[in-house]
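Here the structure is laid out as structure tokens; the discussion comes afterwards.
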Ligand SMILES: [Mg+2]
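Residue numbers (the numbering used here): 631 to 951.
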């Protein structure tokens with residue numbers, strides 16, 4: 631089979647404000663852009679955007695992997711990328727399947743706008759609403775429990791009736807705290823509570839998912855396709871939040887998702903427009919029959935202009951290896 635010439639470049643993107651989750655504080659997204667040129671001269675792009683605290687490889691491991699590849703790669707090279715490099719699997723297969731240009735961007739009402747943690751959420755939702763966002767996500771499990779619940783009530787009182795709100799604990803709650811939250815939100819319109827407990831507490835989350843009316847979603851627990859399959863086999867029928875950029879080969883994810891008719895959403899790892907477009911294209915295939923917003927309302931977290939550039943221009947901005 632004909633090969634493609636392969637090149638890669640590193641990018642660094644500081645966040646407009648530090649991103650706080652129960653995993654800690656994150657200041658800058660580092661990732662890699664892949665550029666393939668096939669025998670006919672067709673150029674396509676892919677992106678490697680690891681998230682090591684979700685169990686993916688680090689950017690250093692991805693870089694090391696790329697440095698050991700030959701300058702020309704084939705479909706066989708890509709199929710042999712090992713399972714411990716899921717962000718590389720995604721980046722290479724999506725580059726191989728080929729997006730060469732920016733597609734039309736997706737309207738905000740199909741996306742979930744990420745609010746900052748704590749009371750800043752109260753001042754942040756309105757401008758996003760004005761841009762067309764109707765679904766919002768707010769991180770919990772970071773500050774004091776009762777303070778967060780008070781802010782939650784202020785937020786739901788302020789949001790218009792038709793708004794949807796997702797809560798994401800990033801695995802940061804105890805069993806007791808999860809119960810307090812689930813009782814507090816039982817009579818509200820929360821779309822789902824994401825990853826209340828840590829990854830090692832699967833049985834407890836399965837138990838919680840059957841006790842309260844608010845749906846629960848898994849995120850950290852289903853970071854890779856292998857983890858997603860395990861949770862499904864162990865009985866999870868709630869919502870799956872899947873980050874395609876770290877889930878491994880898109881073709882494998884698509885096959886399992888479609889076979890099992892999963893209820894889920896695709897979600898961002900703060901990729902550039904290149905990884906974002908590949909993830910959203912996959913999401914459009916997977917999230918059929920649902921009106922859930924994709925978890926990609928995050929471009930307001932950056933203050934550079936990378937998301938406005940054509941892919942080739944974005945590539946030219948980055949320093950050659
Ligand atoms: Mg999450």
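All residues carry an ideal CB built from backbone N, CA and C; glycine is no exception.
Q | Same chain only: Cβ atoms within 6 Å of residue 937, ignoring 5 sequence neighbours per side | A | 903, 929
Q.
Quick check: does the Cβ of residue 849 come within less than 7 Å of any heavy atom belonging to ligand 2?
A. Absence of ligand 2 from the depicted structure is noted, with ligand 1 being the only ligands included.
Q) Can you tell me whether residue 776 is buried or exposed, with buried defined as 16 or more other CB within 10 angstroms of its CB? A) exposed
(Q) Could you check whether residue 770 and residue 814 sit closer than 8 Å to each other, using their CB atoms as the reference points? (A) no
(Q) Taking its Cβ as the centre, do 16 or more other Cβ atoms sit within 10 Å of residue 933, making it buried, or is it exposed? (A) exposed
Q: With residue 651 as the anchor, note down where its alpha helix (DSSP H) starts and where it stops.
A: Not the alpha helix (DSSP H): residue 651 falls in the beta strand (DSSP E), residues 634-651.
Q. Under a CB-based cut-off of 8 Å, is residue 816 close to chain C?
A. Absent here is chain C; the protein component of the structure consists of one chain.
Q: With a 10 Å radius around its C-beta and 16 neighbouring C-beta atoms as the bar for buried, classify residue 654 as buried or exposed.
A: exposed
Q: Taking 8 Å as the cut-off, decide whether the C-beta atoms of residue 729 and residue 859 are in contact.
A: no
Q: Would you kindly check if the distance between the Cβ of residue 672 and the Cβ of residue 941 is under 8 Å?
A: no
Q) residue 661 and residue 901: beta carbons closer than 8 Å? A) yes
Q. Rounded to whole angstroms, how far is the Cβ of residue 720 from the Cβ of residue 878, which I believe are closer than 8 Å?
A. 6 Å
(Q) On the criterion of 16 or more Cβ atoms from any shown chain inside 10 Å, does residue 798 qualify as buried, or is it exposed? (A) buried
**Q.** Identity of the residue in 843, 765, 872 nearest residue 856 by Cα
**A.** 872
Q: Would you be able to state if there are at least three C-beta pairs under 8 Å between the region 755-774 and the region 801-820?
A: yes
Q: Look at residue 669 and residue 725 and say whether their C-beta atoms are less than 8 Å apart.
A: no
**Q.** Short Cβ contact (8 Å threshold) for residue 916 with residue 884
**A.** yes
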